[in-house]
Amino acid sequence: VTIAVRTLASPEDWEAAKAIRFEVFVDEQHVPADLELDDLDAMARHWLAWDGETAVGTARAVRKDFGWKIGRVAVRRDWRGRGVGQSLMRAIMDAARRAGVRELQLESQTHALAFYERLGFVAEGPEFDDAGIPHRLMRLALAA
Ligand SMILES: CC(C)(COP(=O)(O)OP(=O)(O)OC[C@H]1O[C@@H](n2cnc3c(N)ncnc32)[C@H](O)[C@@H]1OP(=O)(O)O)[C@@H](O)C(=O)NCCC(=O)NCCS
């Protein structure tokens, strides 16, 4: 599939991003619905991955002192394993480089460590629990 990744361009796009997050994190991974959306959503930059007219993946980035913190990375089940997640992450990494961001961090669900390692992220520190799911901090330094 040819995947296009874009930042949100309309209120409908935000609805599509939320729908993917609820499908993946709440329905599939049983994250409590009241934890899924948070105050950071209003300050974050959000991306959608598109297969034609269908929104199939999403992620967000929040500005921090160190650079950007990436989160809520989700690809709809039927589109997994086809490079959608990698495309989404590469688009965010490119946007970060263009913005002069020096470091990216994220909290990876332990099962997804290898997915982010392939992109150059390195896990650091102990495993911790968030919303009942084990996670580890991961970091990637971007070239200046
Ligand atoms: C993790 C996730 C975003 C990956 O998206 P995806 O579109 O399936 O990933 P890709 O197809 O780009 O995968 C790229 C590579 O990472 C690997 N990979 C994907 N998901 C993985 C996982 N959960 N664990 C280990 N490796 C994984 C794939 O094997 C693939 O390698 P390959 O090309 O050699 O087969 C997706 O599985 C997902 O949404 N999962 C549920 C939500 C979630 O756990 N999000 C992570 C929050 S930290």
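Okay, so the sequence shown: first residue is -3 according to this note's numbering, each after it adds one.
The C-beta atom is built at its ideal place from N, Cα and C for all residues, glycine as well.
- Rounded to the nearest angstrom, the gap between the Cα atoms of G128 and E32 is 13 angstroms.
- Distances taken from the Cβ of H107 to the heavy atoms of ligand 1 include one shorter than 7 angstroms.
- For ligand 1, a non-hydrogen atom lies closer than 7 angstroms to the CB of G79.
- Contact check for E24 and R73: beta-carbon distance about 7 angstroms, within the 8 angstroms limit, so the pair qualifies.
- With contacts defined as CB atoms closer than 8 angstroms, A70 and W64 fail to qualify as a contacting pair.
- Here the alpha carbon of L36 sits roughly 10 angstroms from the alpha carbon of R59.
- If the five residues before and after G121 are omitted, its C-beta is found closer than 8 angstroms to the C-beta atoms of R132 and L133, all from its own chain and listed in chain order.
- Closest option to D126, judged by alpha-carbon separation, among R114, D47, K14 and L102: L102.
- For K65, the enclosing beta strand (DSSP E) begins and ends at W64 to V71.
- Inclusion of V(-3) and R93 in the CB contact set at 8 angstroms is not warranted, their separation being larger than that value.
- V(-3): not part of any alpha helix (DSSP H); DSSP gives it neither H nor E.
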